[in-house]
Amino acid sequence: MTVATGPAGPTGATGATGPAGATGPTGAAGPTGAAGTAGISDFASAYSTPSAPGTAGAPLTFDVNGASAGTAVAHTAGSGDFTVSEPGTYLVSFHGNVSPASGDTLPLNILLELEQDGTVVPGAVVQQTFQNATDSATMSFAFPVTVTNTPSTFSVVGEGGNFLYSAASMSVYRLTDGT
31 MTVATGPAGP
41 TGATGATGPA
51 GATGPTGAAG
61 PTGAAGTAGI
71 SDFASAYSTP
81 SAPGTAGAPL
91 TFDVNGASAG
101 TAVAHTAGSG
111 DFTVSEPGTY
121 LVSFHGNVSP
131 ASGDTLPLNI
141 LLELEQDGTV
151 VPGAVVQQTF
161 QNATDSATMS
171 FAFPVTVTNT
181 PSTFSVVGEG
191 GNFLYSAASM
201 SVYRLTDGT
C-alpha cells in the first residue's frame, strides 16, 4: 500500500546562534610598500626689518636671514637674491606692506613680480593702485616654480614707480627634487 505525502508544514523559528569557532591562523605578511617622499628638507627665508625704498626695476632687499635648512636654497643677508643650487620644484612665498614714496604722482600703480634669472614668472605678480599718498597695502603671493638649470636665482622686483616697503619677507621651499 502506498501512502501519500502531505504538504510541507510552515518553517519553524530560527534557533539560537551557536558559539563562535576558534580563530584561524594568521596569514602571511604582505609585501613592503614603496618608500614615501620626504617632507620639505631644504628652504631659506629672509625678511626686512626697517622700512626701505623700492625703485622700479630693482629687486627688494632682505636684510636679515630667517630660518633655513639644507643646502639647496641660499640667501645672503642684505641681498634681494635667493639662489637655488639643485633642480626641482620650489614654492616661493612673498609677503610685505607697500605704500607710495613721498612725491609720487598719484594714482600710482605698483606691481611686485617674482623673477627667475631675470625673467618674470607668469602668475607670480601682484598689483596695487594707490590713490592717496597715505595709502598702504599688503601684497603677497605664493607660487610653485620648476628649476631645471642651476644655479637659478629668485628675486622680487617692483615696477611702476618708486614706493616704500616694510615688514617684507620671502621664503623659498624645495618641494621635489629634479628627478
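Residues 31 to 209 in our numbering are what the sequence shown lists, from first letter to last.
Cβ coordinates follow ideal geometry from the N, Cα and C atoms, glycine included.
- In the DSSP assignment, L144 falls within the unbroken beta strand (DSSP E) covering 138 to 146.
- The Cβ neighbour count for V186, taken over all protein chains shown within 10 Å, is at least 16; the residue is labelled buried.
- Spanning the alpha carbons of T176 and A50 requires a straight line of approximately 59 Å.
- S201 sits in a strand when the DSSP states are folded into three classes.
- The Cβ neighbour count for G133, taken over all protein chains shown within 10 Å, is under 16; the residue is labelled exposed.
- One alpha carbon belongs to S129, the other to F73, and they sit about 29 Å apart.
- Across the set G100, F193, V151, G153, the C-alpha of F193 shows the shortest separation from the C-alpha of L136.
- Between the alpha carbons of Q146 and F184 lies a gap of roughly 5 Å.
- L194 is bridged by DSSP to P83, S129.
- In the DSSP assignment, T176 forms a beta bridge with T119.
- In the same chain as A107, and ignoring 5 residues on each side of it, the C-beta atoms closer than 8 Å to its own belong to A76, F92, D93, V94, N95, in chain order.
- Y120 and G54 have their alpha carbons spaced roughly 51 Å apart.
- For P152, the uninterrupted beta strand (DSSP E) segment begins and ends at 149 to 160.
- In terms of Cβ geometry, N127 and S166 form a close pair [threshold 7 Å].
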